[in-house]
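Chemist: A single structure is presented below for examination.
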Amino acid sequence: MDIKTAMQKLNIKSLNKFQELFFSEYEKSPNSNFLLIAPTGSGKTALSELLMLTNDKKSVYISPLRALAQQVHDDLKNHTKSVLMTGDVYTDEPEELEFNTLITTYEKFDSVIRRGYKWLDDVNLVIVDEIHNMKDKNRGQSIESLIAYCLETGKKLILISATIGNPEEIAKWTNAKLITYSERTVPLFEYIYYGEKLYTRDGKIINIKRDIIDLSLIHISEPTRQAE
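Residue numbers for the sequence shown, in my numbering: 168 to 395.
Here is the structure:
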């Protein structure tokens with residue numbers, strides 16, 4: 168599938184600057200590993216989905232969160248044979264598995280590669296999201312293991328993060344081309360909240376009619392109620 172067709176299927180009208188930057192570099196080095204560092208809201212997930220739809224072999228997307236894995240699977244399942252694998256037990260790891268895209272989590276993919284399923288040989292693209300979780304003492308080992316496996320078996324790696332402190336070191340370890348993008352697609356506003364007022368850096372004061380913590384909790388809980 169070409170990029171234009173993939174964009175149409177995902178209802179993406181145009182690429183943003185960060186996505187254009189990546190794909191211009193990707194076209195020059197389609198067989199290279201990449202480390203992508205860009206702020207939240209830059210379209211990294213959509214970029215991952217486009218990569219998987221345009222890949223001519225099998226792809227794996229690895230997420231830190233089951234909810235994000237579910238979202239990516241839902242976006243792709245009507246356009247390609249997508250399989251979601253996020254369980255905690257071995258029984259949902261079939262020895263024979265038909266898919267174009269496999270959506271999973273760090274720990275689950277670590278479990279899969281340890282069991283050495285034959286269908287892993289057909290995977291040529293592995294996307295690892297939020298790789299700054301390598302510094303997490305509970306998750307870091309799984310991430311390092313799956314990256315080492317991909318390097319050893321020659322699978323193309325796309326590593327993604329919004330915040331990571333040592334990108335050059337990781338790029339060197341993974342033999343990846345480093346792409347950093349600092350412009351925020353979604354603006355970031357900073358305020359200090361005190362006494363039912365918001366204070367900006369330039370001294371402006373905004374009165375809050377309602378407790379901001381209470382208001383935030385309402386916004387967080389409303390989508391859950393609607394989904395039910």
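All residues carry an ideal CB built from backbone N, CA and C; glycine is no exception.
1. Please determine, among 202, 181, 195, the residue with the shortest C-alpha to C-alpha distance to residue 336.
2. Determine whether the beta carbon atoms of residue 250 and residue 294 lie at a separation below 8 Å.
3. Taking a contact to mean a Cβ-Cβ separation below 8 Å, would you say residue 253 touches residue 282 in this structure?
4. Ordered along the chain, which non-local residues of its own chain (more than five positions away) have a Cβ less than 8 Å from that of residue 144?
5. What number of angstroms, rounded off, separates the C-alpha of residue 231 from the C-alpha of residue 198?
6. I'd like to know if the segment 207-217 and the segment 176-191 are in contact, where contact means that at least 3 CB-CB pairs between them fall below 8 Å.
7. Return the chain-ordered ranges of every alpha helix (DSSP H) run that is complete within the segment 308-360 and spans a minimum of 4 residues.
8. Over what stretch of residues does the beta strand (DSSP E) that includes residue 201 continue unbroken?
9. Can you give me the Cβ contacts of residue 311 inside the same chain, cut-off strictly under 8 Å, excluding the 5 residues immediately before and after it?
10. Since residue 191 is in the alpha helix (DSSP H), which residue starts that stretch and which ends it?
11. In this structure, how does DSSP classify residue 411 when only helix, strand and coil are distinguished?
12. Specify, as a first and last residue, the run of the beta strand (DSSP E) that residue 252 falls within.
13. According to the Cβ coordinates, are residue 322 and residue 267 closer than 8 Å?
14. If you reduce the DSSP assignment to three classes, tell me which class residue 367 lands in.
15. Classify residue 297 as buried or exposed, calling it buried when 16 or more other Cβ atoms lie within 10 Å of its own Cβ.
16. Going along the chain, which residues of its own chain have a beta-carbon closer than 7 Å to the beta-carbon of residue 237, five neighbours each way excluded?
17. So for residue 246, helix, strand or coil by DSSP?
18. Please classify residue 294: does DSSP put it in a helix, a strand, or coil?
19. So, under 8 Å CB-CB, residue 309 and residue 360 are touching, yes? Tell me the CB distance rounded to an integer number of Å.
20. Would you decide whether residue 271 is buried or exposed? Buried here means 16 or more other CB atoms lie within 10 Å of its CB.
21. In this structure, does DSSP put residue 374 in helix, strand or coil?
22. Taking all protein chains shown into account, do 16 or more other C-beta atoms lie within 10 angstroms of the C-beta of residue 397, making it buried, or fewer, making it exposed?
Modeler: Walking through what the data contain:
1. Taking the sequence shown and counting its residues from 1, one reaches residue 336 at position 169. If we check each option's Cα against that of residue 336, 202 comes out closest.
2. Locating residue 250 in the sequence shown gives position 83, counting from the first residue. Locating residue 294 in the sequence shown gives position 127, counting from the first residue. Going by C-beta atoms, residue 250 is not nearer than 8 Å to residue 294.
3. Within the sequence shown, residue 253 is the residue found at index 86, counting from 1. Within the sequence shown, residue 282 is the residue found at index 115, counting from 1. Taking 8 Å as the Cβ cut-off, residue 253 and residue 282 do not qualify as a contacting pair.
4. Lying outside 168 to 395, the shown extent of the chain, residue 144 is not represented and no answer is given.
5. For the purposes of this step, residue 231 is identified with residue 64 of the sequence shown, where counting begins at 1. For the purposes of this step, residue 198 is identified with residue 31 of the sequence shown, where counting begins at 1. Distance between the alpha carbons of residue 231 and residue 198: 25 Å.
6. yes
7. 334-341
8. Translated into the one-based positions of the sequence shown, residue 201 becomes position 34. Note, residue 201: beta strand (DSSP E), 200-204.
9. One-based indexing of the sequence shown puts residue 311 at position 144. Excluding positions up to five away in sequence, the list reads 301.
10. Along the sequence shown, one-based indexing puts residue 191 at 24. Its alpha helix (DSSP H) spans residues 184-195.
11. Nothing in the structure corresponds to residue 411, since the chain is present only between 168 and 395.
12. Here residue 252 corresponds to residue number 85 of the sequence shown, with the count starting at 1. From DSSP, the beta strand (DSSP E) with residue 252 extends over 249-252.
13. Residue mapping note: residue 322 aligns to position 155 of the sequence shown, counting from 1. Residue mapping note: residue 267 aligns to position 100 of the sequence shown, counting from 1. The answer is no: Cβ separation not under 8 Å.
14. The sequence position of residue 367 within the sequence shown is 200, counting from 1. If DSSP states are grouped into helix, strand and coil, residue 367 belongs with coil.
15. Along the sequence shown, one-based indexing puts residue 297 at 130. Under this definition residue 297 is a buried residue.
16. Residue 237 sits at position 70 when you count from the first residue of the sequence shown. Counting only Cβ-Cβ distances below 7 Å, and skipping sequence neighbours, we find 251.
17. Taking the first residue of the sequence shown as 1, we reach residue 246 at position 79. Residue state, collapsed to three classes: coil.
18. As a position in the sequence shown, residue 294 is number 127, starting the count at 1. DSSP places residue 294 in strand when its eight states are reduced to three.
19. In the sequence shown, the residue the question calls residue 309 occupies position 142. In the sequence shown, the residue the question calls residue 360 occupies position 193. Between residue 360 and residue 309 the Cβ distance is about 37 Å, and since that is not below 8 Å, they are no contact.
20. Here residue 271 refers to the residue found at position 104 when the sequence shown is read from its first residue. Residue 271 comes out buried.
21. On the sequence shown, residue 374 is found 207 positions in, with the first residue counted as 1. Strand.
22. This structure cannot speak to residue 397, because the chain is shown only from 168 to 395.
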